[in-house]
Every structure is written in structure tokens, then in C-alpha cells.
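One structure is given here, and the rest of the page talks about it.
Residue numbers (our numbering): 176 to 655.
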């Protein structure tokens, strides 16, 4: 019963059974009370009728014979009482004021075993004092089983007590009806539970199938098969949403694994290339393959590759540090001053390429929120990248435009146009345009990725456009 089907069936069966038990018990109890009340009302009406009739007959006999009680022993009176008892399916007892039974009938015969017997004193007293008696009784053993009885006094119009009359009926038919109703309810409950079991089976199979597929796909993921997906079909319920979420997670994990593999391959390649160069040239110098007069040139290459390797390791450490920080430290600083100070630090590289610099920075401070050291690195990477890929004698443009709650920054250079298919790739780790690989070996392919990571930590983005030899990088920061 640990499966979804078992739990659903147990829950549904329990709810149906409990509902039917409560409904059945309530209906049976109400039916029993209603039927019993109907019996009581009928007995009371009949008892009142017999009491009135007996009083009338006694008064008539008294006016004729002078003794009204003699009417109770007449054949006509007893036959009439027996007929009423037969029609009402009841027992009728006529007794004296002290409870002595004068006549008793079940409608079929006279109950001689009761004649001259005494009614229980408590019942007699109740009728005399309260003018009515209602209750279950065996008449102190005169009946073999308890019967429901109603008793009334027989009195004249002036209130003179002439005797007592009792009506009683068997309640076994009510009990039998209650048993029949209970049996019907049990049969219906079993049928409903059976139907519920079938519906629960169909429903649980429909619901558990995608769950099993998700579980199987998760196990396949555990085995390293990241291309497994769950077929959600046209489901639009919670399970369909879960399957879609699983597929989205699987797609994200697959892409992450692909990026991780590419990252490892790129790191291996980037580390292997300078190390191979260093080792090859060093071995050439040591074994005499490289002539002494060329050793200095090759040592310069070894030195350059060593510095490139150092930059690569430093960039990877910086990147790891940036990715470990959930949120950049916030402080106010002047973005214009930071940008211009960074530009001055690159003056040597600018002069080497004979670049013209066009700056459009407001004279008043442009105060922004952010991590000043990190934003300084963003400015340095973007300016260094723009200088590196500028054409000889080109123009390097820098602008800061405060607008609303943001300070918009743009850095442009004149050089080769970046192909449209590469614009979405330039911010990836270790991505290098073809011309950077052929013309410049100083880069390690992490500069723009670090820029993107820093700005993402500031909840900001960066974009790039390149057309007709003009390439522009743009980003913004919140104004203080």
C-alpha cells in the first residue's frame, strides 16, 4: 500500500466508507425515530378513541342498567374492541382504576392469560397522575418481549375516573426495517467502493506514469545520460508542470555539463600551449638545438609565454573569486573619475597605436552605486580590449550619460567588424575571435567574461554592437 495507487485507493475507500457509515447511520436513526414516532402518534390516537368510546358506552349502560362497568364484559363491546385491535395491529387492554385487567385482546383472540392480572403499579400511577403513559414495557413478564405501550384514563366528561385503557405494539417490524436499511446501505457502499477502486486504479495509473518516467529519467541522469527527457504530452496539471520543470532542469544541467566540458578543454588547451612552447624552447636551448646567437630571442618568447600563463592563472583565480560572491559590495563612487583614471593608466598602449581619444564625460561627478574595485576592472578590461582591436590611428570613444536612475556607459573603437554570429559568443569563457588568435597572443579569452560576471553581480547587463568597423560595448550602473 506504499504505491500511489494503494494510497489513493485506501484514501478513497476510507472516505466513501466513512461517508456511507455516517449517512447510513443518520438515515437509519432518523427513519427509526420517524417510524417510532408515527407508531406512537397512531397508538395515542387509537387509545384516545377507545377511551372516549368506552366512556360513552359505560355512560350509556349506566343510564340504562344503573351500572356502567357491565358494558366491558358484554360480547358486543369485546368484539368491537377486538376489531379495532386487529385493524390497528395492536394489543388492547382494559383495566380498572387499580390496574386489574378486565379484558385483553390481540385482535384475533382474547388474552385470557392476562385477565385478572394486575398492571404494574408504576404504570397505573403514571396514567392516573399524568393522564398518559408512553414507554417500552413487558408488563412485569406478561409479555415475552418489550412492547411499546400507550395508556390513557377512561373518564366521564365531569372527570370521574371509570377505568384505564392501554394500547401496545411490537417494535420488531421497526427493528427489521432498520436492519434492511443497514443491509441496503452496506451493499451500496460495497458497490461504490468497487467503483471507486476501478476509478482510483485508472486515475492513479494516469498520474503515476509520468512520475515513473521522471524517476526513471532521474536514475538515467545519475548514470550520466544527460540527454534523457520526459514526454509531458498535453498535460496541463501539476504533474505536467513537474515534468516540464524536470525537462527544463535537465536541459540546464546538460548545457552546464557541456559548458563545463568546454571549459576544461579550453583550460587544458590554454595551459598546454604556453607550457609546450616554454618546454620546447627551453629543451632546445639546453640540448644545443637552438644556436647560441638565437637563444636570447627564444628566451624572450619563453618570458612572454610565462607572463601569458601567469595572466591566465590570475584571471582564472579572479573569475573564481567573482563567481563565489553572491552580491557585490555596494558603495558610492564617481564613475567618471574611475573611468578617466583607468584611461590614463592605458596611455602607453594608446600612444603605441597612435589612437585619438574622444571622451564625453560630464564635468560634475557621476555618482553611482557598486563595487568600485570591480567596476574599475570592468573599465580596464573594456578599454584594454578596445585598444587591442583598434586599427592603427583610429579613434577610441568613451561616453558617460546620466539618464534617470541609471548612468549609461559606452566604449567604442574603430577596427574590424565582429561577425553577427559571434556577437552572442564574445562574452563566453575562452572565446576568441579569429583575428585575435592570429594577431594577438596576449589575450586569454576571459576578459569579457569577467566583465559580464561582474556586471551580473551588480544586477546589470552588457551589450555589444558592431557595424561598419565600429564596435561599441554598453552597460549601465544605478545612480546614487
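Where a beta carbon is used, it is the ideal one built from N, C-alpha and C, also for glycine. Model, not experiment: these values are computed from the prediction.
For residue 517, the enclosing alpha helix (DSSP H) stretches over residues 510-520.
The beta-carbon separation of residue 421 and residue 392, rounded to 7 Å, stays under the 8 Å limit for a contact. DSSP places residue 353 inside the alpha helix (DSSP H), whose first and last residues are 347-397.
Boundaries of the alpha helix (DSSP H) around residue 252: 250-263. In the DSSP assignment, residue 533 falls within the unbroken beta strand (DSSP E) covering 531-535. Apart from the 5 residues on each side of it in sequence, residue 187 sits with its Cβ closer than 6 Å to the Cβ of 371 and 375 in its chain, given in chain order. Each of 647, 387, 283 and 540 was checked against the Cα of residue 417, and the nearest Cα belongs to 387. For residue 279, same chain residues with a beta-carbon under 6 Å away, outside a window of 5 residues either side, are 268, 286 and 289 in chain order.
Nearest to residue 317 by alpha-carbon distance, out of 298, 281 and 294, is 294.
Annotated three-state conformation of residue 471 is helix, per DSSP.
Residue state for residue 308 is assigned as strand, using DSSP reduced to three classes.
Rounded to the nearest whole angstrom, the CA to CA distance from residue 256 to residue 342 is 11 Å. For residue 212, same chain residues with a beta-carbon under 8 Å away, outside a window of 5 residues either side, do not exist. With respect to residue 229, residue 329 sits close: the two C-beta atoms are nearer than 7 Å. Cα atoms of residue 356 and residue 203: separation of roughly 7 Å, rounded to the nearest angstrom.
The C-alpha of residue 553 lies about 13 Å from the C-alpha of residue 515. Annotation: residue 626 is outside any beta strand (DSSP E); the continuous alpha helix (DSSP H) that includes it extends over 622-632.
If you draw a straight line from the Cα of residue 571 to the Cα of residue 454, it is about 39 Å long.
Under the three-state reduction of DSSP output, residue 338 falls in the strand class.
In this structure residue 442 does not touch residue 556 by the C-beta definition: roughly 19 Å separates them, more than the 8 Å allowed.
Residue nearest to residue 568 within the set 606, 528, 534 and 547 is 528 (criterion: CA-CA distance). In the three-state reduction of the DSSP assignment, residue 303 falls in the helix class, which pools H, G and I.
Nearest to residue 534 by alpha-carbon distance, out of 523, 368, 541 and 518, is 518. If you check the CB distance, residue 575 and residue 536 come in under 7 Å.
In the DSSP assignment, residue 293 falls outside any beta strand (DSSP E), carrying neither H nor E. One thing to note: residue 260 has its Cβ no nearer than 7 Å to the Cβ of residue 274.
Contact between residue 218 and residue 312 is ruled out by a C-beta separation of about 13 Å, above the 8 Å threshold. Annotated three-state conformation of residue 577 is strand, per DSSP.
Within the same chain, 536, 537, 540, 541 and 575 come within 7 Å of residue 511 by CB-CB distance, once the 5 residues on both sides are set aside.
In the DSSP annotation of this structure, the continuous segment of the alpha helix (DSSP H) that includes residue 551 starts and ends at 547-563.
According to DSSP, residue 645 shares a beta bridge with 589 and 642.
A distance below 7 Å between beta-carbons, with the five flanking residues on each side excluded, links residue 642 to the following residues of its chain, in chain order: 592. Measuring C-alpha to C-alpha distances from residue 550 to each of 562, 523 and 513 identifies 513 as the nearest.
A direct Cα-to-Cα measurement between residue 200 and residue 366 gives close to 18 Å.
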